[in-house]
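Per full-length UniProt numbering: the sequence shown = residues 1 to 293. No residue lacks a Cβ here, since even glycine has one placed at the ideal position from N, Cα and C. Here the structure is a predicted model, which means the values were calculated and not measured. Structure first, then comments.
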Amino acid sequence: MAAQQIQVKAPGKENSRPGNRRGKVAYWAAFALLVLLALIWLIPLAWAIDTAIKPESETTAVPVSWFASHFTLDAFVTTLATSNLPRWTFNSALTSIAVSVLTVILASLAAFGISRVRFQGRNLVFWIILAGIMVPGQILIVPLFTQMQVFNMVDTYWGIILPQIASPVAVFIFKQYFDGIPHELEEAAILDGASRLHVYWRIWMPLARPAIAAVAIFTFVTSWNNFIWPFIVITGNNMMTLPVGLATVQTSFGIRYAQIMATAVIGSIPVLIVFLFFQKQIVEGIAGTGLKG
């Protein structure tokens, strides 16, 4: 038998090919770019925290410096003692959660009807809903406020919540997701005697968890940061949401930048927590609803 020649490759020889080297360069270049973008995004947050823990007299010092003679938490203590921050935070959390839940329910019901129920003018209804995306929210402020006055909802939680639950974008996201679910599941359930509402609640919604997560999280953040509508519909201090309350704090504190930044940092904590705990659901929701870039 002829001796078989065995070629032994030197360790790392295959990694020395030009293609692999280009791949490594591209990887590290992308990594460096992402690190740079992350640093750019974090600089304003770092500056807010740095200003909040400085003595008030050093927040306007020239030249501007990241470092102070000493760091203190006096701004946080003063803000919590002199403002209605806990109540504003509660109001924002309550209204944002309610808006998120109601938006998910109403948008998913509308999307299920458009996606699965055959009726005349279905496409027209869908395009009319999508046209709502092009309507600036500012031009609806006057008619919405008039409606809230008629229904005696000014300076109430419902006055903050109800105008925010109509979301054409949420309907679009759910419809895109529902269109991708096989029709056989619905047909099998109907043959077993299930109603359309049962199909929606027991089959479609559990399968649409990524879409639910994406809509709920983005709706929560948008409602939490909403300033214009709560500022208009709320008159009492105890009913203010956090963004509206921050505006009053800035007015009362004048140029006390440490207290202003301390209030902003405290107000941003819930949103940061939401993103940290639900970032996986955000990515899966966007990837599964046809909103890829």
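Using the Cβ count rule (16 or more neighbours within 10 Å means buried), how would you classify residue i?
i: Lys280; result: exposed
i: Ile161; result: buried
i: Lys54; result: buried
i: Asn20; result: exposed
i: Lys175; result: buried
i: Asn91; result: buried
i: Leu85; result: buried
i: Val104; result: buried
i: Ala29; result: exposed
i: Phe227; result: exposed
i: Gly159; result: buried
i: Trp204; result: buried
i: Phe151; result: exposed
i: Ser100; result: buried
i: Phe31; result: exposed
i: Val233; result: buried
i: Phe126; result: buried
i: Ala211; result: buried
i: Ala258; result: buried
i: Ile165; result: buried
i: Ile114; result: buried
i: Ile129; result: buried
i: Lys13; result: Note on Lys13: pLDDT 49, under 50, position unreliable in the model; no value is reported.
Looking only at C-alpha atoms, which of the options sits nearest to residue i?
i: Arg209; options: Gly236, Phe231 and Ile181; result: Ile181
i: Thr241; options: Pro230, Tyr27 and Thr235; result: Pro230
i: Thr51; options: Ala81, Ala68, Val77 and Met134; result: Ala68
i: Val77; options: Ile273, Phe278 and Ile260; result: Ile260
i: His70; options: Glu56, Thr82 and Thr79; result: Glu56
i: Leu102; options: Ser223, Val233, Thr235 and Ile269; result: Ser223
i: Ile273; options: Val221, Tyr257, Arg256 and Gly193; result: Val221
i: Leu207; options: Thr235, Ala194 and Tyr177; result: Tyr177
i: Thr248; options: Trp127, Val125 and Thr82; result: Thr82
i: Gly236; options: Ala211, Gln138, Ile128 and Asp155; result: Asp155
i: Ala75; options: Gly193, Thr89 and Ala48; result: Ala48
i: Arg118; options: Val35, His183 and Leu42; result: His183
Can you name, in chain order, every residue of its own chain whose Cβ lies under 6 Å from the Cβ of residue i, other than the five neighbours on each side?
i: Asn123; result: none
i: Tyr200; result: Phe112
i: Thr60; result: none
i: Ala110; result: Val171
i: Arg116; result: none
i: Leu80; result: none
i: Ala26; result: none
i: Glu58; result: Ala68
i: Leu45; result: none
Considering only residues of the same chain and omitting the five flanking positions on each side of residue i, which have a CB-CB separation below 7 Å?
i: Leu246; result: Thr263, Ala264 and Gly267
i: Phe275; result: none
i: Pro163; result: Leu144 and Trp229
i: Ala107; result: Ser167, Ala170, Val171, Phe174 and Val215
i: Arg87; result: Asn238
i: Leu73; result: Ile53
i: Val62; result: none
i: Thr89; result: Leu242
i: Trp66; result: Asp50
i: Leu34; result: none
i: Phe278; result: Ala213 and Ile217
Say whether chain D places a C-beta atom closer than 8 Å to the C-beta of residue i.
i: Ala258; result: Absence of chain D from the displayed structure is noted, only one protein chain being present.
Whose C-beta lies closer than 8 Å to the C-beta of residue i among residues of the same chain, with five residues either side of it excluded?
i: Tyr157; result: Asn91, Leu94, Thr95, Ala98 and Met239
i: Asn225; result: Pro243 and Val271
i: Arg22; result: none
i: Asp179; result: Ser115
Between the stretch 147 to 161 and the stretch 183 to 194, do three or more beta carbon pairs fall short of 8 Å?
no
With a cut-off of 8 Å, do at least 3 Cβ pairs link the stretch 200 to 215 to the stretch 129 to 140?
no
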